[in-house]
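S.K.: Take a look at this one; I'll ask things after.
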Amino acid sequence: MKYLIFLLLLISSLANSQTWDFDVSMDGKHIGDHQFVLTNKENNQQLLKSEAKFNVKFLTINVFNYHHKADEVWENNCLKKLESNTKENSKTTTVKAYEDKSLFKVTAQKPLEIDTECVMTFAYWNPKILQQKKLLNPQTGEYLSAQIAFVGKEVINVKGEAVKADHYKIDTSKFKIDIFMKKMIFNTSNKIFNYLRIWPTF
């Protein structure tokens, strides 16, 4: 089974902004990057900009090109608005969603209305996703049931260094994800290092 590795370094460069930069590799080979930029706004809201670019090659031939961009508005760890555009090779998918009173309305290939107090996407930057029963896929607009379980603590290799991390498993009807998470605070620069290792099903 193929797997992706997301290596994340969070740098707090501004008082009201945080940036997560993921170095993404598949089967040990670098295929792209994924960046999250979270900015504090008024009324306790936050704006998240997400962009991912992957390019998978077989020998010298491009077999998969992926470009995903999303703008998300969050408040108290809940999604309030989403606009995304994803291009997979020649296929383009657009998703728009917003909170309307007690409903969260999603415009996608299969439109839906979600009746819940708090919607979250697969926001790997936010550990509160580990407490959710359902997660919204920002690429497709699907609201997926998710069984999330803590597997245990494991030692993983991060750039040649053994790191003890927490292993979580996310199981949905569409794909399965294993996440390894570890936080380390550095006194001099207030950096947080997370290591996420994700196995998608193809």
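Here the sequence shown is numbered in this note's numbering, starting from 2 and rising by one per residue. Cβ atoms here follow ideal geometry from the backbone N, Cα and C, with glycine treated the same way.
1) Assuming N77 contacts K129 (C-beta within less than 8 Å), just tell me the rounded distance between them.
2) Buried or exposed for E118, going by 16 or more other Cβ atoms inside 10 Å?
3) Using CA coordinates, which residue listed in K165, F151, E52 and N63 is at the minimum distance from W21?
4) At the level of alpha carbons, what is the spacing between K135 and I157?
5) Mind the definition here: the region 99–108 touches the region 159–172 only if three or more C-beta pairs lie below 8 Å; say whether that holds.
6) From D116 to K102, what distance separates their C-alpha atoms?
7) I need the straight-line Cα distance from F181 to E114, nearest angstrom please.
8) Could you compute how far the alpha carbon of K58 sits from the alpha carbon of K30?
9) Which residue spans inside the region 103–135 form an unbroken beta strand (DSSP E) run of at least 3?
10) Can you name, in chain order, every residue of its own chain whose Cβ lies under 8 Å from the Cβ of Q132, other than the five neighbours on each side?
11) Hey, could you find the ends of the beta strand (DSSP E) G33 is sitting in?
M.R.: Put simply:
1) Going by Cβ atoms, the distance from N77 to K129 rounds to 10 Å, so no, they are not a contact pair.
2) exposed
3) E52
4) 28 Å
5) no
6) 10 Å
7) 32 Å
8) 10 Å
9) 104–108 and 113–115
10) I149
11) K30 to N41
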